[in-house]
Every structure is written in C-alpha cells, then in structure tokens.
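Engineer:
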Amino acid sequence: MPELSYREAVRDALSRAMREDDDVFIMGEDIAEMGGSMGVTQGMLDEFGPERVRNTPISEMALAGTAIGAAMQGMRPVAEIMYEDFLTLATEQIVNQAAKHRYMSGGQLSVPVTFRTQGGAGWSPGAQHAQQLEAWFVHIPGLKVVFASTPSDVRGLLWSSIYDDNPVVFFEHRTLYGLKEDVPDELEPIPLGQARVHREGDDVTVIATGRLVHEALSAAQEAEGEGISVEVVDPRTLQPLDEETLVDSVKKTSRCVVAHEAVTRMGFGAEVASVIQYSAFDWLDAPIERVGAKFAPLPFAPVMEEFVVPHANDVLAAIRRTVGRNGN
Amino acid sequence: MRVAKVEQKGTLSDADLRDFFREMLLIRRFEEKVEERFRAGELPGFLHVAIGQEAVAVGVCRALEEGDVIASTHRAHGHTLAKGTTPNELMAELYGKLEGCSHGYGGSMHLYDVERGNMGANAVVGGGLPATTGAALAFKFRGEPRVAVAFFGDGATNIGTFHESLNLAQLWQVPAVFVCENNHWAESTPGWQHMPIEDISQRAVAYGMKAVKVDGQDVEAVHKATRKALEHARSGKGPVFLAVETYRLVGHYIGDPQVYRSKEELQETRETQDPLDHLRAKLELSDDEVEEIDREVQEIVDASVEFAKNGTEPKPEDALKNIYA
Chain C
24 MPELSYREAV RDALSRAMRE DDDVFIMGED IAEMGGSMGV TQGMLDEFGP ERVRNTPISE
84 MALAGTAIGA AMQGMRPVAE IMYEDFLTLA TEQIVNQAAK HRYMSGGQLS VPVTFRTQGG
144 AGWSPGAQHA QQLEAWFVHI PGLKVVFAST PSDVRGLLWS SIYDDNPVVF FEHRTLYGLK
204 EDVPDELEPI PLGQARVHRE GDDVTVIATG RLVHEALSAA QEAEGEGISV EVVDPRTLQP
264 LDEETLVDSV KKTSRCVVAH EAVTRMGFGA EVASVIQYSA FDWLDAPIER VGAKFAPLPF
324 APVMEEFVVP HANDVLAAIR RTVGRNGN
Chain A
10 MRVAKVEQKG TLSDADLRDF FREMLLIRRF EEKVEERFRA GELPGFLHVA IGQEAVAVGV
70 CRALEEGDVI ASTHRAHGHT LAKGTTPNEL MAELYGKLEG CSHGYGGSMH LYDVERGNMG
130 ANAVVGGGLP ATTGAALAFK FRGEPRVAVA FFGDGATNIG TFHESLNLAQ LWQVPAVFVC
190 ENNHWAESTP GWQHMPIEDI SQRAVAYGMK AVKVDGQDVE AVHKATRKAL EHARSGKGPV
250 FLAVETYRLV GHYIGDPQVY RSKEELQETR ETQDPLDHLR AKLELSDDEV EEIDREVQEI
310 VDASVEFAKN GTEPKPEDAL KNIYA
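Sequences listed follow chains C and A, in order. One rule links them: number in the numbering used here = place in the first sequence (from 1) + 23. One rule links them: number in the numbering used here = place in the second sequence (from 1) + 9.
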C-alpha cells in the first residue's frame, strides 16, 4: 500500500485518467514546466507532452470557456484555476455557460468538465489568495461541487469528477497538500454524493469540510478527554449532498456543529444547519452551532489571520456549548 | 489521423444564388412574422430579429461542411435557420413548446440544434466565444477535419472573452473562424461611442490572426470569404477573423423605439443596404419571380406558426428535468 500525499494523490488521479483515456487532458496557468503553483502537476509534462498538459496564458475566462467548449464536443478536460479567488474571473463561464448548456438545450448537451482549484488560509497570502468560495457554486443548479480533505478522498473523488458527465467544481485546500496517507494500489472511485464518517461518536456530530475536518478530529480527541463522544462527518460532495448520512448521524447524537473555513455568514454550514433542523428537529437537544471565519476579508498579518479563521479550539468550544459546558 | 478535407468549390451558379435568395427571404419573412406574433402578445420573453443581416447567416452557413459547428448570439434566428433547423422547430421554440429546437427550455436567445451542429445561441454578449475556441481545440486534438465558427457583433469585441478567446485560438492554431457581424450598433450605442478604432479587424491583427474584411450585404462575397476562411482553418493554418460589415435595419429588440438614431438615417440605410435588394438586382429577378418565391416562403412561415400553436406545452414540473446528465 503506497503512501501518497494529498498533492500526489491529485496527480495520481489525473495521470491515471490520462493514461487510460485520450479524451482527458489538463490545462491551466503554469501547470507544464513549472508543474503548477502548488506542484500538483509536476512531471506530467514529461509523461504526457505539451498538448495534453497545456499551459495557458493568464486568461481565466478563456481557460474555463475553452475547457467547456472541448467538453461539449465530448472531451473530458480538467482545467486548473490556480487560486479559487481567480474563480471570480471564470465565474461567467462556469455559472452561465457550463452549468446551463444542458438545461437550455433541453438535454441535448452535456458538459463533462472539471474545474480544479485550491485555496485556504494559514500562510498569510492576504485577501486575494486564500478565500473559500465553495458555497457560491453550491447555489447554482447544474454544477456539482466537491471539497476533498484527505489523500484517498481527493484521489477517488477527482476520478469520479472527471468521469461525471456534468461540470464539477473541485476544491482542494492549500494546507492539505503535504498530508500523507496509505492508499490502495488500485484507485477506488468514490461516488459523488457520499459523505464519510471519519469517527463515530454518541454525543455530538461535527459536520466539517476541507481543513476543518482535521481541526474537528483534533477537537473530537480533546473532547473525548472531557467525556464528550464526538462523531465527525465530512460531506465531501457539497452538491449533491448526502443528506441522509448527515441527518442519521444527528438523529443518533442529537447535537450538531457545522464547521468550515469560509466565513460563517451564508456559508455552506448555513445550508447544512437548515437541512438538519428540518429533518431532525425532534431529535435536537441543543441549537446547531456554526463554526467559520469571522466576517472579514483575510488579513495579511499572521496574528490577524489566525484570529479570523477557525481552528480546533473553536470547534471544541462549539462542541462544549452543545452539551451545555461553556467553560472555555 | 484523418486528413483535412479541403475542397475548392467553384463560383456559385445562378441557381445557387437563387437558392440563397430564397433562404434569405425565408429568414426575412420569418422575422417579420415573429414581430407580428410578438406584438399580438403570443410570444413570451423578448426578441431580437436579424432583419438586414440575412446575407451573413446564409453566406456563412451555406459555406460550412457537414460536421462544422456554430455558436450564435442573442440575434440567432437567422443563423439557426441557415444552419438547418426547420422553421417549425424554431417557431415552436419561440412559443415555448416541447417540439422546439431547445424543447422549450431555451427560447429565442438559447437556440440549440446539436445534431445539426448548432452548439447554441448565447444571451451573454461574447459568451460563446471561448467555447468556440474549445470546440476547435477538441477537433484539433482528434485530428478531425472540422471547423468551429462563432458569430458575434461589434459590441462583443469590447468584452474580455473576445480578446482571451482570439488570443488562445491563434496561440494554439485551432480550426476556428470568428465571424464579427459589425452592424455598427451595440444595442443602442453606436460604434464610435464604444470603440476607439474604426477598423475592427485590427483587433484580430493584434493577435497575429488572419483578418479579412467582407461586405456583409453581399451574400456571394460572404460565402466566398467564408469558404476561404474555412479552408485556411481546416488545413491547419490557424483561425481566421471575418470583419463583416452589415446593417441592422430594425431596432435592437422588437418594440425598440430607436430614440438613438434618426428616422432619416434609418430610412436611408433601409433603402441602400438591404441585402435582399442587392441580390435581387444582381440576379435580375422579375416581380413575378420574387412574388412566387415570396408566396412559397410565406406559406412555410405561416405553417410554422400553426405547427407551433398546435405544439405540446411542457408540464410545469418538466422544469426540473435536464439539470444534470
């Protein structure tokens, strides 16, 4: 069983798909010789050549839109948007074009394109290089949205995204690229729309995405020492959402914390909280707690950045509040 | 890898041109009928007709080969008919019926006919340009002798997608043809207010792209220029920009009072720049001949309205289909 980092796991999924299938190719800014700003595509130029590991100019509209056009002709492009902040530049093409061609054509077209992107705080890039914008895309019918938190998940989910016949916006978290895990030799595709229970528990369910999955797992460990048994669930696919697994977990524990790095206001956790309160209202013993970034752009100074984004201790404090212990 | 098919078609015969005249007149009568039925309150949404630009649609689409694809604009009826969608299917779409070319999901600004090579009309100005470069990239990847053609107006040459798409197309030498229908108006804004240059083809030249100026009111000239552009693109020499001078002889949308241009100017343009008048004079068609063609196309248009009205209303809950593959 080889050990792969999250970064290598992304590369492995891309490379395997490209080895098996001439219709798959990757395109993006600085992905060829440089191997991508995060090093994800390092070495792929040597294996696949410049046609299929296609460097693009700094042109997010055309980068996204060209991938859409190639997908409409039956290819399976994976377009890398270097930072998710730059998704803003490609949003017209993703939201008005990729998400709607199938619908506007009355089902004649499909657009099997994957937009890979990454973001996340923790290294002081400032306000334009670390936002978490996944919730924007969950709001758009016609898109699928994935946010993977571990090497095995990122590999299996990326494979499924490439082979999904719909446009997928695929979020990776910058701080997870070095995270290592043993993964099977065989790539096991993970179906989109299937949550993962990382840790079982009886008292509180924490529903977390991206980096916050790991913060939640640390908080759960800590809570266990205080006698609180915490279940940690990662939806992994934000659209479609595996409501059943989330709701079943909360029906079991009767308490819920939602946690993500994006700002709390209008964040993905708001939707999850709504789903939970509607479907598990009679089971809830406490208000659903929400953990997310404070309502501020990301500041540069490390002390301010750390203050704005949530950490394990914020998740732990939320867990304690749900069981009525406010001693933080 | 298949070898690109490069055909040298001879000059057009009179019979070809008569056929073009018939199709242009069909588009004209179709658009007039659309105006009439819209004003009668039968058509939902809002509509942009292509009266005055028929020679561009017919000249370009008749030059295409089987397998070539187009992307169109909000002013799409002419392109769609010229690319082979039947008047019945188009009219049914405008009435929001299941028999429509987008099955009632698209409407006037989102006309699709994928089987016939129409990748869709776009209601976002410049929205279809990147996909045209992308479709051409797919053809290049697969070694298919196909060309992707984008229609867009002069107004679209100010938006970022235009510049990014032309830059990429030229950089990657993909088989695409960019047909700029310069009708001198971006909705209500005249060219001199939206573009600091007079010669729009300079914008393509800036990217090193082959650019050709074409008289868009002369269908023979449009056809000839398109054939050459397609041959260039299909044979791997890279994309071509066609700067097509044309005229919108009506408002931006049906009901547009056109307060931004004088009645005299509009009248003069109508009298001097009607592509049907030009072709009729060139072919020396008699009144009787024109009347006969006119009668025939009007019957087709009338029948399309009947077809559309008798079409099937979607069920409200059909709105939840076709969102995901």
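From the three backbone atoms N, C-alpha and C, an ideal C-beta is built for every residue, glycine too.
1. Got a sec, what are the start and stop residues for the alpha helix (DSSP H) A/N97 sits in?
2. Quick one: which chain A residues come within Cβ less than 7 Å of C/Q116?
3. Whose Cβ in chain C lies nearer than 8 Å to the Cβ of A/G129?
4. Does C/E74 pass the burial test, meaning 16 or more other C-beta atoms within 10 Å, or should it be called exposed?
5. According to DSSP, simplified to helix, strand and coil, what is A/M118?
6. Which bits of chain C does A/S111 rub up against, with CB to CB less than 7 Å?
7. With a threshold of 9 Å between beta-carbons, can A/Y333 be considered close to chain C, or not?
8. Express the C-alpha separation of A/E322 and A/D23 in angstroms, rounding to a whole number.
9. Within its chain, find whatever has a CB closer than 7 Å to the CB of C/H152; leave out the 5 residues flanking it on each side and keep chain order.
10. Could you please give the first and the last residue of the uninterrupted alpha helix (DSSP H) stretch that includes C/A36?
11. Quick one, are the C-beta atoms of A/N191 and A/V249 less than 9 Å apart?
12. Check whether the segment 114 to 132 of chain A touches the segment 69 to 89 of chain A, taking contact to mean three or more Cβ pairs, one atom from each stretch, closer than 8 Å.
13. Taking the beta carbon of C/W146 as the centre, do at least 16 other beta carbons fall within 10 Å, making it buried, or is it exposed?
14. Beta-carbon separation of C/H283 and C/T232 under 9 Å?
15. Starting from C/N119, find everything on chain A with Cβ-Cβ shorter than 7 Å and list it in chain order.
16. Hey, out of C/E26, C/F160, C/M95 and C/M98, whose CA is closest to C/F291's CA?
17. Are there three or more Cβ pairs, one per stretch, closer than 8 Å when the segment 85 to 99 of chain C is compared with the segment 165 to 180 of chain A?
18. Relative to the C-alpha of C/V314, which candidate in C/I342, C/P322, C/Y301 and C/S297 has its C-alpha closest?
19. For chain A, find out if any of its Cβ atoms is closer than 9 Å to the Cβ of C/L110; answer yes or no.
20. Just tell me which of A/N167, A/V186, A/T166 and A/G164 has its CA closest to the CA of A/V156.
21. How big is the Cα-Cα spacing for A/T94 and A/R243?
22. If I measure Cβ to Cβ from C/R39 and keep anything under 8 Å in the same chain, skipping five residues before and after, which residues do I get?
23. Quick test of your reading: A/S111 and A/Y121, contact by CB under 8 Å. State the CB separation rounded to the nearest angstrom.
24. For chain C, is any of its Cβ atoms less than 9 Å away from the one on A/T321?
25. Please compile the residues from chain C whose C-beta is within a distance smaller than 7 Å of the C-beta of A/T142.
26. Are the segment 167 to 174 of chain C and the segment 162 to 171 of chain A touching, with three or more C-beta to C-beta distances below 8 Å?
27. Work out the CA separation of A/L34 and A/R257 for me, nearest whole Å.
28. Sorted by chain position, which residues of the same chain lie with C-beta nearer than 7 Å to A/A238's C-beta, five sequence neighbours on each side aside?
29. With distances taken from CA atoms, which of A/V123, A/I36, A/M128 and A/P154 is nearest A/E240?
30. What is the DSSP secondary structure of A/N176, counted as helix, strand or coil?
31. Looking at chain C, is there any beta carbon in it that lies within less than 9 Å of the beta carbon of A/D77?
32. Any idea if A/V214 is buried or exposed, counting beta-carbon neighbours within 10 angstroms, 16 or more meaning buried?
33. With which residues is A/C70 paired in a DSSP beta bridge?
34. Check whether chain A comes within 9 Å of C/E294, counting only Cβ atoms and requiring the distance to be less than that.
35. CA-CA distance, A/P184 and A/E298?
36. List, in order along the chain, the chain A residues whose C-beta lies closer than 7 Å to that of C/P164?
Structural biologist: Taking the coordinates as given:
1. Residue numbering aside, residue 97 of chain A sits at position 88 when the second sequence is read from its first letter. Taken as a continuous stretch (DSSP letters only), the alpha helix (DSSP H) holding A/N97 covers P96 to L103.
2. Counted from its first residue, the first sequence places residue 116 of chain C at position 93. Simply P139.
3. Residue 129 of chain A sits at position 120 when you count from the first residue of the second sequence. Those within 8 Å of A/G129 in chain C are H124, M127, S128 and L132.
4. Locating residue 74 of chain C in the first sequence gives position 51, counting from the first residue. So C/E74 ends up on the exposed side.
5. Residue 118 of chain A sits at position 109 when you count from the first residue of the second sequence. Three-state result, A/M118: coil.
6. Locating residue 111 of chain A in the second sequence gives position 102, where the first residue counts as 1. The contacting residues are M127, S128 and G129.
7. Numbered from its first residue, the second sequence carries residue 333 of chain A at position 324. Answer yes: the Cβ-Cβ gap between A/Y333 and chain C drops below 9 Å somewhere.
8. Taking the second sequence and counting its residues from 1, one reaches residue 23 of chain A at position 14. Taking the second sequence and counting its residues from 1, one reaches residue 322 of chain A at position 313. Near 43 Å, if we compare the C-alpha coordinates of A/E322 and A/D23.
9. Numbered from 1 along the first sequence, position 129 holds the residue referred to as residue 152 of chain C. Closer than 7 Å at Cβ, skipping near neighbours: Y106 and D108.
10. As a position in the first sequence, residue 36 of chain C is number 13, starting the count at 1. Unbroken alpha helix (DSSP H) run through C/A36: Y29 to E43.
11. As a first step, residue 191 of chain A must be located in the second sequence, where it is residue number 182. As a first step, residue 249 of chain A must be located in the second sequence, where it is residue number 240. In this structure, A/V249 does not lie closer than 9 Å to A/N191 by Cβ.
12. yes
13. On the first sequence, position 123 is the one that residue 146 of chain C refers to. With fewer than 16 Cβ atoms within 10 Å of its Cβ, C/W146 is classed as exposed.
14. Sequence index remark: in the first sequence, residue 283 of chain C carries index 260 (1-based). Sequence index remark: in the first sequence, residue 232 of chain C carries index 209 (1-based). Yes, the Cβ-Cβ distance between C/H283 and C/T232 is below 9 Å.
15. On the first sequence, position 96 is the one that residue 119 of chain C refers to. Result: V133 and G136.
16. Here the question's residue 291 of chain C lines up with position 268 in the first sequence. The residue with the shortest Cα to Cα distance from C/F291 is C/F160.
17. yes
18. Counting from 1 along the first sequence, the entry for residue 314 of chain C is found at position 291. Here the closest residue by C-alpha is C/I342.
19. For the purposes of this step, residue 110 of chain C is taken as the residue at position 87 of the first sequence. No, no contact with chain A.
20. Residue mapping note: residue 156 of chain A aligns to position 147 of the second sequence, counting from 1. Checked all of A/N167, A/V186, A/T166 and A/G164; the closest Cα to A/V156 is A/V186.
21. Position 85 of the second sequence, counting from 1, holds the residue named residue 94 of chain A. Position 234 of the second sequence, counting from 1, holds the residue named residue 243 of chain A. Taking the straight line from one Cα to the other gives about 24 Å.
22. Position 16 of the first sequence, counted from the first residue, corresponds to residue 39 of chain C. So the qualifying residues of the chain are W182 and L210.
23. By 1-based counting over the second sequence, the position of residue 111 of chain A is 102. By 1-based counting over the second sequence, the position of residue 121 of chain A is 112. Confirmed, about 5 Å.
24. Position 312 of the second sequence holds residue 321 of chain A. No, its Cβ sits nowhere closer than 9 Å to a Cβ of chain C.
25. The sequence position of residue 142 of chain A within the second sequence is 133, counting from 1. Within 7 Å Cβ-Cβ: A85, T89 and G92.
26. no
27. What you label residue 257 of chain A is simply residue 248 of the second sequence in a count that begins at 1. What you label residue 34 of chain A is simply residue 25 of the second sequence in a count that begins at 1. The alpha-carbon atoms of A/R257 and A/L34 are separated by roughly 16 Å.
28. For the purposes of this step, residue 238 of chain A is taken as the residue at position 229 of the second sequence. Taken in chain order, the residues that qualify are V186, V221, V249 and L251.
29. Along the second sequence, one-based indexing puts residue 240 of chain A at 231. Residue A/P154 is the option with its Cα nearest to A/E240.
30. For the purposes of this step, residue 176 of chain A is taken as the residue at position 167 of the second sequence. Of the three classes helix, strand and coil, the one that applies to A/N176 here is helix, per DSSP.
31. Your numbering for residue 77 of chain A matches position 68 in the second sequence. For A/D77, the answer is no, since every Cβ of chain C falls outside 9 Å of its Cβ.
32. Reading the second sequence from its first residue, position 205 is the one you call residue 214 of chain A. With fewer than 16 Cβ atoms within 10 Å of its Cβ, A/V214 is classed as exposed.
33. Within the second sequence, the letter at position 61 stands for residue 70 of chain A. Beta-bridge pairing links A/C70 to no other residue.
34. Here residue 294 of chain C refers to the residue found at position 271 when the first sequence is read from its first residue. So, not an interface residue.
35. Within the second sequence, numbered from 1, the residue matching residue 184 of chain A stands at position 175. Within the second sequence, numbered from 1, the residue matching residue 298 of chain A stands at position 289. Rounded to whole angstroms, A/P184 to A/E298 spans 40 Å at the Cα level.
36. As a first step, residue 164 of chain C is located in the first sequence; it is residue number 141 there, counting from the start. Near C/P164 (Cβ distances below 7 Å), the residues of chain A are I332.
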